[in-house]
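Positions 2 to 196 (the numbering used here) are the ones given, in order, by the sequence shown. Note that beta-carbon positions come from the ideal geometry of N, C-alpha and C, so glycine has one too. What follows is one structure encoded as C-alpha cells, with my remarks underneath.
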Amino acid sequence: MSTIHTIEAIEKNEDIEDATEVRLAGNDVGDALEMVMERPLEVEGFYPVKLDGYGEGMRMLYANGEEVDYSVRTDRFTQQLSEGCFYNMKMAQQYLSAQLQVKYRVPIPLGKDIMLVPFKTRAQLVKGDSVTGYVNWHAVERVLSRGRIVLKSGREFPCLNKGRTVKQRMVQAQLGAVLMGKYYRAGYRGKGYRE
C-alpha cells in the first residue's frame, strides 16, 4: 500500500480522511532526504513512478515494508542529495568511478550504511521521463535469475536490466563499499559520512 503526498489534494479540498498522510511537497523531499541521511538502513531504494494528478514522482521503499510516493523526480532527488546533504559525494563518486573503471551508472556512495546502485526500472514512455531507480546495496538479500532483486524485507525491487548487468553492478557496489571504506579512512570525509 502506498501513500501519495501532494499539494494538489490540499489545494482542491479533496476528501482527505487522514490528514497525517497528506503533506506539502516541500516537506516530502525534506522528509525523504532526512530519512536517507539519518536512518540509511531503513531505506531500501527508490524509483520513478507516475503519480495520478501530478505526473512524475518517486516511490521510496522502506525496510518496514512501507512504500511512500513523493512528488519529486528521482533525478532531482539524487541531485539534492549531492548538493545539500553530502559535501564530498561527487568527489567520492569520481574516485569510485576511476577505481572501478566505470563511466556510467556508477554506484552513489553516501556513507558506510548506504550505497545506491542505479538500475533501469521502467520503460521511457515520453522523452524526458525518469527511468533510473536506486537500490541500497546493503538492503539487498539476493539477486535471482534474470536480474530479479530481492530486498531484505522480502519485496522485489523493479528492475528491467538483464541478469548479467544486475550481478555486475552488485559486484561493483560490493567493491565500491570496500574502496569507500579506504577512501574515508584516508581522510576524505564529507559531512554526510558517519562511522
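Test item: CB-CB of residue i and residue j under 8 Å
i    : j    : result
V111 : Q81  : The sequence given here has Leu at residue 111, not Val. Cβ atoms of L111 and Q81: not closer than 8 Å.
L161 : R123 : yes
R74  : M59  : yes
V30  : M36  : no
Member of the options whose CA lies at the smallest distance from the CA of residue i
i    : options                : result
G129 : R40, E57, D53          : E57
M38  : M61, L126, I115, G66   : I115
Q102 : V50, Q173, P159, A64   : Q173
P108 : Q169, R40, I150        : Q169
Q125 : G134, Y105, V118       : G134
Q94  : L117, E67, F78, V69    : L117
T79  : G46, A64, K104         : G46
R147 : R165, A140, F158, P159 : R165
K153 : R74, V30, L42          : L42
G66  : A140, S83, Q175, D32   : A140
F120 : R106, A99, G155        : R106
K163 : Q175, G155, R156, R149 : R149
Q175 : R77, A64, K113         : K113
Range covered by the alpha helix (DSSP H) that runs through residue i
i    : result
T261 : Look at the range of the chain in this structure, 2 to 196, and you will see that residue 261 is not part of it.
D76  : 75-81
Outcome for residue i when other beta-carbon atoms lying within 10 angstroms are tallied against a minimum of 16
i    : result
N137 : buried
D53  : exposed
G177 : buried
Y71  : buried
M171 : buried
M181 : buried
L1   : The first residue shown for the chain is 2 and the last is 196, placing residue 1 beyond what the model contains.
S131 : buried
Y48  : buried
K183 : exposed
M92  : exposed
V50  : buried
V69  : buried
V167 : buried
Extent of the continuous beta strand (DSSP E) to which residue i belongs
i    : result
R60  : 56-63
E68  : 68-71
L152 : 150-152
Y48  : 44-52
L111 : 109-112
Y135 : 133-137
E142 : 141-144
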